[in-house]
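Line by line, the protein sequences give chains L and Y. Just so it is clear: in the first sequence, position 34 is 33 by numbering that gives the first Met the number 0, and no numbers are missing. Just so it is clear: in the second sequence, position 120 is 119 by numbering that gives the first Met the number 0, and no numbers are missing. Positions of the beta carbon are idealized from the N, C-alpha and C atoms, including for glycine. Data first, discussion second: the structure below is written as C-alpha cells.
Number of protein chains: 2
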Amino acid sequence: MIKKNIQRIIQYRMCLLRFQSLGFERIFSYTLAQEIGVSPEQVRKDFSQFHLRGNKKAGYLIQDILDQINDLLHKEDIHKIIMVGLGNIGQALIKYKGFANRNMQLVAGFDIDPAKLKKNCRIPTFSAKEIPVVVQKENVHIGIIAVPEAAAQEVCNNMVEAGIKGILNFAPVMLKTPPDVVVQNISVCGDLEALVYVTEKNKKQES
Amino acid sequence: MIKKNIQRIIQYRMCLLRFQSLGFERIFSYTLAQEIGVSPEQVRKDFSQFHLRGNKKAGYLIQDILDQINDLLHKEDIHKIIMVGLGNIGQALIKYKGFANRNMQLVAGFDIDPAKLKKNCRIPTFSAKEIPVVVQKENVHIGIIAVPEAAAQEVCNNMVEAGIKGILNFAPVMLKTPPDVVVQNISVCGDLEALVYVTEKNKKQES
DNA sequence: ATTAAATTGTTAATTTATAAACAAAAAGAT
DNA sequence: ATCTTTTTGTTTATAAATTAACAATTTAAT
C-alpha cells in the first residue's frame, strides 16, 4: 500500500498551486491543514519527513516548497501512461483534460474489441496485443486497467511482462503482481457501499 | 475517514459471491486472504470484529457469512444515488451497468449546463437547481460529485442542504461538510502521481 | 537592545492498524 | 473412545500513523 504521507504531499501541492495563483507567496501550516482537512501538526510532520522546511514565524515560502515537491514527484518530466480498456471509464479518462496540468500524458489506448478502436479518439488506440510493442517503444512505466473483472488479471500480466511498474486498477479484483510492481485500486462501487454503511450507521446512532 | 475494516468486508463480500458462483459452499480464512491480498489473521480479525463466525476446522459457510454481511451493508434494500455533473466521468458512471448487481441505483443526474441534459440518458436528468426537489421526493441519501473543482463546494452545499448524508467526490478539493455528512474522495490524478513517485523510487533503489 | 508574540520542527505520547502467537474446538482417523 | 490434525477466534505484540507537547527561532515592537 502506498504511504499516506506521500498522498498528502500530492494534495498539499495542489493546494499550494491554488494559493499561489491567488497571489500568495507564503503560507502557514495552519492554513494548509485547514484546506486539506488535517491538523497543522500533520502538515509539519509530513513536511519534516520530506525535508521541506519553512521559516519560523514566517511560515512556508510557497514557491520554495513547490519546487521541492515538484522535485520529489519528478515533475521535471512528463510521465507517459497507457490505458487498457476503452469502455465507459476508459473513454471518459481519455476525454479528460486534466492530465497535462499535472505533467502526465495518456499516450495510447488498448482494447481487445476492434470496434472500440475505431472511435474518434484524442490518442492513438491499438489492439491489446500491441501492449508490449508500444510500452517498450514509448518507454512507459504506468498503466491504467479499465477492463471488465474477468479480463483484468490477464491484462495485468501483459502489462507487467511489457515492463509496466505501476498500475491503476479500476477492476474489482485484487491483481497478483511481482513485488516490484505496485498496484493502486479504485472502486467506485465499493466506496459507495462504504458510504451507505456509514450513513445508515449514523442514522441509527441518532435515534 | 471510513474505517479500513468495513472496506475489506465489502471486498470479502465480492470474493465470497465469486466463490459461491463457482460452486463452493465453504471457505477458509487462508483462501479469502490470498484472494484479497491480506493475511489470514486479518480476515479472522475483521470477521471477529463484525461477529462473523465460522466453524473451527471447517472454515466459514459462505452463504451464512454472505447473509450477515448483506445485513450489515443493508443489502435488503436498493440504495438510491444521485449524480451531479454530467461531464466525462458523470456520463461514464451513468452508462455503467454494475450498480444494480450491488443493490444500488442511480436515480437522477444533474448539471448546470442545459446542453448536458439533452443527451440521451438512461436516467432522468435535471437542472442542478432541482437537486433539493428530487432528493426529497425520492428520499436519496447518497450523492456523487463529478463537477469541476470550482463548482464542487457549492454543489456540495446544495446536496447537504437537500439532505444528502454521504458524498463520493471526484473533484480535487477537500469539501467542507457538517460532521454528520461523510465524504469519500476519489482522485485518479493523485493516485497516478503517487504511482509515479513509488515506481521512480523503486527504480532508484535498484540501482 | 530587549522583550513579546508567533510559528516551525522535533520529540514524546497516544491511538489505530497489522501481524504473530496460541488456546479452544471441531472433524476425522486410529 | 482417544488421539491427531486443522482451523478458528482471541489475546498479545509489533508497527504505523496521528496527535500533542514543547523547545527553538525568527520577526516585530517597545
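Burial is judged here by how many other beta carbons sit within 10 angstroms of a residue's own beta carbon; Gln135(Y) has fewer than 16 and is exposed.
When secondary structure is reduced to three states using DSSP, Asn201(L) falls in the helix class. In the three-state reduction of the DSSP assignment, Ser186(L) falls in the coil class.
For Lys79(Y), the enclosing beta strand (DSSP E) covers residues 78-83. Per DSSP, reduced to three states, the secondary structure at Val159(Y) is helical. No Cβ of chain L is located within less than 9 angstroms of the beta carbon of Glu153(Y). In the DSSP annotation of this structure, the continuous segment of the alpha helix (DSSP H) that includes Ala32(Y) starts and ends at 28-35. Sixteen is the threshold: since fewer than 16 other Cβ atoms of the shown chains lie within 10 Å of the Cβ of Tyr29(Y), the residue is exposed.
The CB of Asn138(Y) never comes closer than 8 angstroms to any CB in chain L; the least such distance is about 12 angstroms. Proximity of Gln90(L) to chain Y, defined by a Cβ-Cβ separation below 9 angstroms, is satisfied. In the DSSP assignment, Leu71(L) falls outside any beta strand (DSSP E) and lies within the alpha helix (DSSP H) extending over 61-71.
Here DSSP, grouped into helix, strand and coil, assigns Gly22(L) to coil. Per the DSSP secondary-structure output, Asn54(Y) pairs in a beta bridge with Gly58(Y). A distance of 9 angstroms or more separates the beta carbons of Leu15(Y) and Ile1(Y). For the pair Asp45(L) and Gly53(L), the Cα-to-Cα distance works out to about 12 angstroms. At least one CB atom of chain L sits nearer than 9 angstroms to the CB of Pro171(Y). Among the CB atoms of chain Y, none fall inside 9 angstroms of the CB of Arg25(L). The shortest C-alpha to C-alpha distance from Val187(L) to any of Thr198(Y), Leu60(Y), Gln33(Y), Gln104(Y) is the one to Gln104(Y). Interface residue (Cβ-Cβ distance to chain Y less than 9 angstroms): Asn87(L) is classified as such. Shown here, Leu194(Y) sits in a helix according to DSSP, grouped into three states. With respect to chain L, the C-beta atom of Met158(Y) has no partner C-beta closer than 9 angstroms. About 6 angstroms separates the beta carbons of Ile80(Y) and Ile143(Y), which is inside the 8 angstroms limit, making them a contact pair. Scanning its chain for C-beta atoms nearer than 7 angstroms, with the 5 sequence neighbours on each side dropped, one finds around Gln10(Y) the residues Ile35, in chain order. A Cβ-Cβ separation of about 5 angstroms places Val106(L) in contact with Glu137(L) under the 8 angstroms criterion.
For Val106(Y), the uninterrupted beta strand (DSSP E) run begins and ends at 103-110, by DSSP. A distance below 7 angstroms between beta-carbons, with the five flanking residues on each side excluded, links Asn4(L) to the following residues of its chain, in chain order: Asp45, Gln48. With respect to chain L, the C-beta atom of Gly58(Y) has no partner C-beta closer than 9 angstroms. If you check the CB distance, Cys120(L) and Leu167(L) do not come in under 9 angstroms.
In the displayed model, Ser38(L) falls within coil according to three-state DSSP, outside both helix and strand. Rounded to the nearest whole angstrom, the CA to CA distance from Pro171(L) to Lys96(Y) is 14 angstroms. Straight-line spacing of the CA atoms in Ala145(L) and Lys94(L) works out to 14 angstroms. Using a CB distance cut-off of 9 angstroms, Ala193(L) counts as an interface residue toward chain Y. For Glu148(L), the CB contacts under 6 angstroms within the same chain, skipping 5 residues up- and downstream, are Ala170, Pro171, Val172 in chain order. Contact of His73(Y) with chain L is assigned, a C-beta pair being separated by under 9 angstroms. The beta carbon of Ala57(L) is closer than 8 angstroms to those of Arg25 in its chain, skipping five residues each way along the sequence.
Straight through space, the alpha carbons of Arg101(L) and Ala91(L) are spaced by roughly 18 angstroms.
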